[in-house]
Amino acid sequence: MKIEGSIALVTGANRGLGAAFARGLLAAGASKVYAAARDPASVSLPGVVPVRLDVTQPEQIAALARELGEVTLLVNNAGIAEFRSLLDPNALDALHRQFETNAVGPLRLVQAFAPILAGNGGGAVINVLSVLSWLTMPGSGGYSASKAAGWALGNALRQELKAQDTELLAVHSAVIDTDMGRGAPGEKIAPEDLVQQAIAALQAGQPELLADPTTHHVHAGLVAQPRVYIGASS
Ligand SMILES: NC(=O)c1ccc[n+]([C@@H]2O[C@H](COP(=O)([O-])OP(=O)(O)OC[C@H]3O[C@@H](n4cnc5c(N)ncnc54)[C@H](OP(=O)(O)O)[C@@H]3O)[C@@H](O)[C@H]2O)c1
Numbered sequence: 000m001k002i003e004g005s006i007a008l009v010t011g012a013n014r015g016l017g018a019a020f021a022r023g024l025l026a027a028g029a030s031k032v033y034a035a036a037r038d039p040a041s042v043s044l045p046g047v048v049p050v051r052l053d054v055t056q057p058e059q060i061a062a063l064a065r066e067l068g069e070v071t072l073l074v075n076n077a078g079i080a081e082f083r084s085l086l087d088p089n090a091l092d093a094l095h096r097q098f099e100t101n102a103v104g105p106l107r108l109v110q111a112f113a114p115i116l117a118g119n120g121g122g123a124v125i126n127v128l129s130v131l132s133w134l135t136m137p138g139s140g141g142y143s144a145s146k147a148a149g150w151a152l153g154n155a156l157r158q159e160l161k162a163q164d165t166e167l168l169a170v171h172s173a174v175i176d177t178d179m180g181r182g183a184p185g186e187k188i189a190p191e192d193l194v195q196q197a198i199a200a201l202q203a204g205q206p207e208l209l210a211d212p213t214t215h216h217v218h219a220g221l222v223a224q225p226r227v228y229i230g231a232s233s
């Protein structure tokens, strides 16, 4: 899909990777970028159109779809990470919140905007996932499960959207240098770098982007011995 002339809706666009997507899409020639945020007043980027959206609120998604009939690119970026043991008494509450935000919300957005994308010639969806769609570690179980669900839903949606010429790009990366990535050890990918790669992947018609060496390594580890998701033996 060509970014030039596109009209994008980016969720969670007030900070972090979402703000970088909004900036990057404008720089790549998007005609308009709707920057969605729970609090639209927190969107400070010049040149975008702030709109209100909590991705866990179906009525807000429906209202936005009624309002934004010109969208050609949906970027499902908003996400939360709550790292805690699955054995924690509050693990299920955290699991529900992460599924609602990271998997169900993006699905609701695709459901609501699919007819709009179809009416505007097909367009595309970008789903921001994670290397943790494929890898778990103690404490990441709930987040990983929500991103794995987002991955599986996206794989099914990609096939279903094909009939209306809508592409779906899944973006997987390891730690990104944002608020969410703060405190994580090791190398971090710059949000601007990831966005440039995502734009290039979308323009090349790729279904999937593995944005950094760690993500490539983990993906390869799915079929290696020992399997990467089994975890280190002690
Ligand atoms: N950072 C990493 O290391 C990393 C790695 C791989 C993948 N990712 C994924 O990348 C995406 C962006 O994350 P980030 O690193 O930019 O995180 P971030 O800095 O924590 O920003 C998260 C964004 O999501 C928004 N958000 C959270 N819940 C929302 C909801 N219910 N409705 C609407 N917006 C909501 C936040 O809005 P508020 O300001 O209102 O909270 C914020 O704009 C996420 O999907 C994340 O899972 C991140």
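Going by numbering that gives the first Met the number 0, the first residue of the sequence shown is number 0, and it counts up by one from there. Virtual Cβ for every residue (Gly too), placed ideally from N, Cα, C.
Asked                                                                                                                                                 : Found
Start and end of the beta strand (DSSP E) containing alanine 210?                                                                                     : Note, alanine 210: premise wrong, no beta strand (DSSP E); not H, not E.
Can you pull the DSSP bridge partners for alanine 36?                                                                                                 : Arg51
Going by DSSP, what residue range makes up the beta strand (DSSP E) through isoleucine 6?                                                             : 6-9
Tell me whether valine 222 is buried or exposed, calling it buried when 16 or more other Cβ atoms sit within 10 Å of its Cβ.                          : exposed
Going by the C-beta, is leucine 16 closer than 6 Å to any heavy atom of ligand 1?                                                                     : yes
So, serine 172 versus alanine 147, is the Cβ gap smaller than 7 Å?                                                                                    : no
Throw me the rounded Cβ distance for the asparagine 13 and valine 42 pair, which I believe falls under 8 Å.                                           : 5 Å
State the Cα-Cα distance for the pair glutamate 66 and glycine 149, rounded to the nearest angstrom.                                                  : 26 Å
Say yes only if the C-beta of isoleucine 175 is nearer than 6 Å to one or more non-hydrogen atoms of ligand 1, and no if none qualify.                : yes
Quick check: is any heavy atom of ligand 1 less than 6 Å from the C-beta of arginine 51?                                                              : no
Check this for me: beta carbons of leucine 152 and leucine 106, under 7 Å apart or not?                                                               : yes
Can you tell me whether glutamine 97 is buried or exposed, with buried defined as 16 or more other CB within 10 angstroms of its CB?                  : buried
Using only the alpha-carbon positions, how far apart do threonine 213 and arginine 181 sit?                                                           : 17 Å
If you draw a straight line from the C-alpha of glutamine 56 to the C-alpha of glutamine 224, how long is it?                                         : 42 Å
Taking 6 Å as the cut-off, is the C-beta of alanine 151 nearer than that to any heavy atom in ligand 1?                                               : no
Using three-state DSSP, classify lysine 187 as helix, strand or coil.                                                                                 : coil
According to the Cβ coordinates, are leucine 24 and alanine 7 closer than 7 Å?                                                                        : yes
Using the beta-carbon count (16 or more within 10 Å), is glycine 141 buried or exposed?                                                               : buried
Which word fits glutamate 3, buried or exposed, when buried means at least 16 other C-beta atoms lie within 10 angstroms of its C-beta?               : exposed
Starting from isoleucine 125, follow the alpha helix (DSSP H) in both directions and report where the run begins and ends.                            : Premise fails: isoleucine 125 lies in the beta strand (DSSP E), 123-127, not in any alpha helix (DSSP H).
To the nearest angstrom, how far is the alpha carbon of serine 129 from that of asparagine 101?                                                       : 11 Å
Work out the CA separation of glycine 220 and isoleucine 229 for me, nearest whole Å.                                                                 : 10 Å
Assign isoleucine 175 to buried or exposed, taking buried as 16 or more other Cβ atoms, counted over all protein chains shown, within 10 Å of its Cβ. : buried
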